[in-house]
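The numbering of the sequence shown is the working numbering, which starts it at 1 and goes up by one.
Ideal Cβ positions, reconstructed from N, Cα and C, are used throughout, including at glycine.
Fair warning: this is a prediction, and the values are worked out from it, not measured in the lab.
Below is one structure; the comments refer to it alone.
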Amino acid sequence: MTPIAAYVGTAIVFFGLDFLWLTVLGIGFYRSEIGALLLDRPNLVPAALFYLFYIAGIVGFAVLPALNAQSWLLALVAGLALGLIAYGTYDMTNLSTLKGWTLSISLIDLAWGGFLSATSALAGYWLARLTL
C-alpha cells in the first residue's frame, strides 16, 4: 500500500503545483519568451504520459528510498537532484537545438523543475508515512 500512497500523494502535489505554474504563475513568462513555439492548446496525451512516468521516477528514485531510510531530507534532496537532471536535460537540449529558446527560459524552467520535483517528493514522503 505504501508505494501506491507515495505515488498518489506525489501526483496530487505535482499536478496541483504544475497546473498552477503553467496556467497562472508562469504562463505570461513563457508566452513572452517562447510564445511562437507554444501550441494554442497543449497536446494532452504526451503530457499525460510524461506525468505518469515522471511521477513514477520521483517515487522510485526519491520517495521510496527516503521512506526506507526514514529521512525526509533524502526525499527532498533526491527529488531536487532528479528535477535538476530531468529538467536540465530538457532545457539544455532545447537551448542547444531550438531557435528562439532562451537562456532565461532554461534557467527559470530548471529552477521550477528542481523545486517542483523536490516539493512533490517531500509531500509524497509525508503522505505515504501516514499509511505506515
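In chain order, what residues of the same chain have a beta carbon less than 7 Å from the beta carbon of residue i, not counting five sequence neighbours either side?
| i | result |
| --- | --- |
| glutamate 136 | Summary: the structure shown does not reach residue 136, with the chain confined to residues 1 through 132, and so no result is reported for it. |
| leucine 116 | Phe14, Leu17, Asp18 and Gly83 |
| methionine 153 | Given that the chain is displayed from residue 1 to residue 132, the structure contains no residue 153 and the question cannot be resolved. |
| isoleucine 55 | Tyr7, Thr10, Ala11 and Phe14 |
| alanine 5 | Leu127, Ala128 and Thr131 |
Suppose the cutoff is 6 Å on Cβ atoms and the five residues either side in sequence are ignored; what does the same chain contact list for residue i look like?
| i | result |
| --- | --- |
| alanine 47 | none |
| glycine 57 | none |
| alanine 66 | Leu74, Ala75 and Tyr125 |
| glycine 35 | none |
Using only the alpha-carbon positions, how far apart do residue i and residue j sit?
| i | j | result |
| --- | --- | --- |
| phenylalanine 14 | alanine 123 | 9 Å |
| tryptophan 126 | alanine 69 | 13 Å |
| lysine 99 | tryptophan 112 | 22 Å |
| leucine 64 | tyrosine 51 | 18 Å |
| aspartate 109 | tyrosine 7 | 23 Å |
| valine 59 | proline 3 | 8 Å |
| tyrosine 87 | alanine 81 | 10 Å |
| aspartate 91 | isoleucine 85 | 10 Å |
By Cβ distance below 8 Å, which residues in the same chain neighbour residue i in space, the five residues on each side in sequence not counted?
| i | result |
| --- | --- |
| serine 96 | none |
*Counting only runs of 4+ residues fully inside the segment 13-74, write out the alpha helix (DSSP H) ranges in chain order.*
27-34, 44-58 and 64-69
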